[in-house]
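S.K.:
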Amino acid sequence: MRIALIAAMARDRVIGKDGAMPWHLPAELQHFKRITMGKPVVMGRATYESIGRPLPGRLNIVLSRKYQQPFTDEKGVVWVNSPEQAVQQAGECEELMVIGGGHVYQEFLPHAHRLYLTEIDVAVEGDTWFPDFHASGNWEVREQIEHPADHENPHAFATLVYERNDA
1 MRIALIAAMA RDRVIGKDGA MPWHLPAELQ HFKRITMGKP VVMGRATYES IGRPLPGRLN
61 IVLSRKYQQP FTDEKGVVWV NSPEQAVQQA GECEELMVIG GGHVYQEFLP HAHRLYLTEI
121 DVAVEGDTWF PDFHASGNWE VREQIEHPAD HENPHAFATL VYERNDA
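Note that the UniProt record's numbering gives residue 155 to position 155 of the sequence shown, counting from 1, and the numbers run on in steps of one.
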């Protein structure tokens, strides 16, 4: 199983403010959906609550220290209390997608093989940041696609795929 982190971040690695993303980019949301569809997604409790529902077409795994044993709720969401339990609950899959928030990214980053990062050309105030992944290993850009601002997407952004290359 490959562990991948997926995130959209503004300048200075800001990923959130007050439990929400401080931008609206429909094209970036479509990118997120395309990359994560059909794969298990792991998120923290606060991220799950900010989304407000399970993401359709994906096994939703929520990391919370509240529960000691994994269980599945009435909505089909699997609740776990450790990254190890999350990996175990994902079962046999090709790629496990870690979708936030900041603390969950920090916990999974040392084990990640791939990063799907959207770098948004905007400076915003924030209270949640993506970890400094360059300090955690040798990462190489494998793909980069530029998206100019348009009438639906007010900020230019780039989608990048990084792969760990620790020799």
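Here a beta-carbon is modelled for each residue, glycine too, at the ideal position from N, C-alpha and C.
Just how far apart, CA to CA, sit I120 and L96?
M.R.: 24 angstroms
S.K.: Here's a check: name, in chain order, each residue in its chain whose Cβ is nearer than 8 angstroms to the Cβ of P26, leaving out the five neighbours to either side.
M.R.: E152, N153
S.K.: Of all the options V62, R11, A158, which has the alpha carbon lying nearest to the alpha carbon of H103?
M.R.: V62
S.K.: With which residues is K17 paired in a DSSP beta bridge?
M.R.: A20
S.K.: Going by other Cβ atoms of all chains shown within 10 Å of its Cβ, with 16 needed for buried, is Q85 buried or exposed?
M.R.: buried
S.K.: Using 10 angstroms around the beta-carbon of V78, count the other beta-carbons present and answer buried if the total reaches 16, otherwise exposed.
M.R.: buried
S.K.: By the DSSP assignment, the alpha helix (DSSP H) with E49 in it spans what residues?
M.R.: Element bounds for E49: 45-51.
S.K.: Work out the CA separation of I145 and M37 for me, nearest whole Å.
M.R.: 20 angstroms
S.K.: Which class does R11 belong to by DSSP, given the choice of helix, strand or coil?
M.R.: helix
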